[in-house]
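Here is the structure we will look at.
Number of protein chains: 2
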Amino acid sequence: MSFRHPDRDQIRIEGVLTALGNPLRLGAVRVLDAGGEHNCGSVLAVLGVTSKSTMTHHWRVLRDSGVIRQEPSGRENLLSLRRADLDARYPGLLDAILTGARNDGPDPKHPEAAGTGAWATGTASGSRTADAPGR
Amino acid sequence: MSFRHPDRDQIRIEGVLTALGNPLRLGAVRVLDAGGEHNCGSVLAVLGVTSKSTMTHHWRVLRDSGVIRQEPSGRENLLSLRRADLDARYPGLLDAILTGARNDGPDPKHPEAAGTGAWATGTASGSRTADAPGR
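Protein chains in written order, with the working numbering: chain A, 19 to 153; chain B, 19 to 153.
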């Protein structure tokens, strides 16, 4: 099964911001931004998420908004950040967001996430609520 | 009635992105960024929103995320963008978002918004759905 992705010129800022306004999705993007090839499982492992189904919706939101590509490769799906597309459409946006997320550190409302040290090392913790407040 | 606002160091990137990932809220922020004092009614007028109650939830999301201040003044509420706080916490973020929104132009999924010309002049149209896709 292959996935549909918006073309670069179909990406909309509201969609990108909504996609990245969720701690798990933002965490996944931070993992992908660190480079290398990732399948879904390897991102989940870094995030500390054990439920694949939890992330199915999140991968779709990230894909549909134009933030990531998800491509089948054998029996896996490979994930990659669409950095070139995002940087072309919204110069400076992704870097500002990733720097901001790094500087924010662990969420004081979810102190259990601090113990993993994941935020401090530039990746993200998954022990948070799946959706940001205000949705 | 006065409102609670997070301190600068309580602002979280996920909250800011979620707040700005909605066309009406992003539109309101674009109006506020253009400068001047605004009460709720004057922002609604620029956005083309006739229902005050539609925006009550949106003002709260913008306030709770630290994006705007909403302060009572006589019988009105005055709104202002917390640009200094946002620029201090997330350098470049707000400018990247506002520039991106301006360059995106009207949403092709909501072509009726194009007729107002509001996007082209740097403000926003309100004739959109209240919530972004993917929420």
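Cβ atoms here follow ideal geometry from the backbone N, Cα and C, with glycine treated the same way.
Because the structure is a prediction, the values reported are computed rather than measured.
Buried versus exposed, by CB contacts within 10 Å (16 or more), residue i
i, result
"aspartate 25 of chain A", "exposed"
"proline 90 of chain A", "exposed"
"arginine 93 of chain A", "exposed"
"alanine 102 of chain A", "exposed"
"glutamate 177 of chain B", "No answer is possible for residue 177 of chain B: it lies beyond the span of chain B, which begins at 19 and ends at 153."
"threonine 74 of chain A", "exposed"
"serine 83 of chain B", "buried"
"threonine 36 of chain A", "buried"
7 Å Cβ cutoff, residue i in contact with chain D
i, result
"glycine 123 of chain A", "Of the protein chains in this structure, namely A and B, none is chain D."
Beta bridge counterpart(s) of residue i as assigned by DSSP
i, result
"leucine 80 of chain B", "In DSSP, leucine 80 of chain B forms no bridge with anything."
Residue range of the unbroken alpha helix (DSSP H) whose run includes residue i
i, result
"glutamate 89 of chain B", "Segment 86-91 is the beta strand (DSSP E) holding glutamate 89 of chain B; no alpha helix (DSSP H) there."
"asparagine 121 of chain B", "111-122"
"glutamate 32 of chain A", "31-38"
"alanine 46 of chain B", "41-51"
"valine 61 of chain A", "58-65"
Extent of the continuous beta strand (DSSP E) to which residue i belongs
i, result
"asparagine 95 of chain A", "94-99"
Cα-Cα separation, residue i to residue j
i, j, result
"valine 61 of chain A", "glycine 118 of chain B", "28 Å"
"phenylalanine 21 of chain B", "aspartate 122 of chain A", "24 Å"
"leucine 42 of chain A", "aspartate 113 of chain A", "18 Å"
"isoleucine 86 of chain A", "alanine 46 of chain A", "10 Å"
"leucine 80 of chain B", "asparagine 57 of chain B", "14 Å"
"arginine 48 of chain B", "serine 98 of chain B", "11 Å"
"aspartate 105 of chain A", "leucine 50 of chain B", "26 Å"
"asparagine 40 of chain A", "glycine 110 of chain A", "20 Å"
"leucine 116 of chain B", "arginine 120 of chain A", "22 Å"
Within 8 Å of chain A by C-beta, residues of the segment 95-118 of chain B in sequence order: Arg107, Tyr108, Pro109, Gly110, Leu111, Asp113, Ala114, Ile115, Thr117, Gly118
Give me the subset of the segment 21-32 of chain A whose CB atoms are less than 9 Å from a CB atom of chain B, sorted by chain position. Gln28, Ile29, Arg30, Ile31, Glu32
Just by C-beta distance, which residues in the segment 40-51 of chain B are closer than 8 Å to chain A? Asn40, Pro41, Leu44
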